[in-house]
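Residue numbers (this note's numbering): 6 to 115.
By construction, the Cβ of each residue, glycine as well, lies at the ideal position given by its N, Cα and C atoms.
Before any comments, here is the structure.
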Amino acid sequence: MLSQSDTPLIDAIQRASQSVRAPFFFPGHKMGEGAPAPLREAVLGGAAGRTAPLRSDLPELPELDNLFSAEGPIHEAQQLASEAFGARSTHFLINGSTGGGSTGGILAAA
Numbered sequence: 006m007l008s009q010s011d012t013p014l015i016d017a018i019q020r021a022s023q024s025v026r027a028p029f030f031f032p033g034h035k036m037g038e039g040a041p042a043p044l045r046e047a048v049l050g051g052a053a054g055r056t057a058p059l060r061s062d063l064p065e066l067p068e069l070d071n072l073f074s075a076e077g078p079i080h081e082a083q084q085l086a087s088e089a090f091g092a093r094s095t096h097f098l099i100n101g102s103t104g105g106g107s108t109g110g111i112l113a114a115a
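Here's what the structure looks like:
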């Protein structure tokens, strides 16, 4: 049973970021190690080795679940969000509120 103090998606991202040995995927900053100096300065405060925020910038890895057919950590996080919001269900979005607003408008018009 999940509790509101659980963080299934964050936990999965942290586990995945620690298990990657050679990041041959996008984004090209290679989990922060290959980030250009201006990006390191803006995001990491210029500190060499402080790449934690960029280490969590991962692509769709199997262990992170599937946003469109969630069964793992995304599903668990959506369940927790639903309970916290008092909603029947909650679905996470990508690409910000524009995608959600557009989808809502299309569904309302249907």
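TODO: Output yes or no for whether 8 Å exceeds the beta carbon distance between residue 58 and residue 69.
DONE: Residue 69 is positioned such that its CB atom lies no closer than 8 Å to that of residue 58.
Task: Burial state of residue 63 (16 or more Cβ within 10 Å) - done: buried
Open item on the list: Assess contact between the region 81 to 92 and the region 11 to 20, defined as three or more Cβ pairs (one per stretch) separated by less than 8 Å. Is contact present?
Closed with: yes
Open item on the list: For chain B, check one thing: does any of its Cβ atoms lie closer than 8 Å to the Cβ of residue 30?
Closed with: Among the chains of the structure shown, chain B does not appear; only one protein chain is present.
Open item on the list: Measuring alpha carbon to alpha carbon, tell me which residue in 99, 60 and 86 is nearest residue 73.
Closed with: Per the Cα distances, 99.
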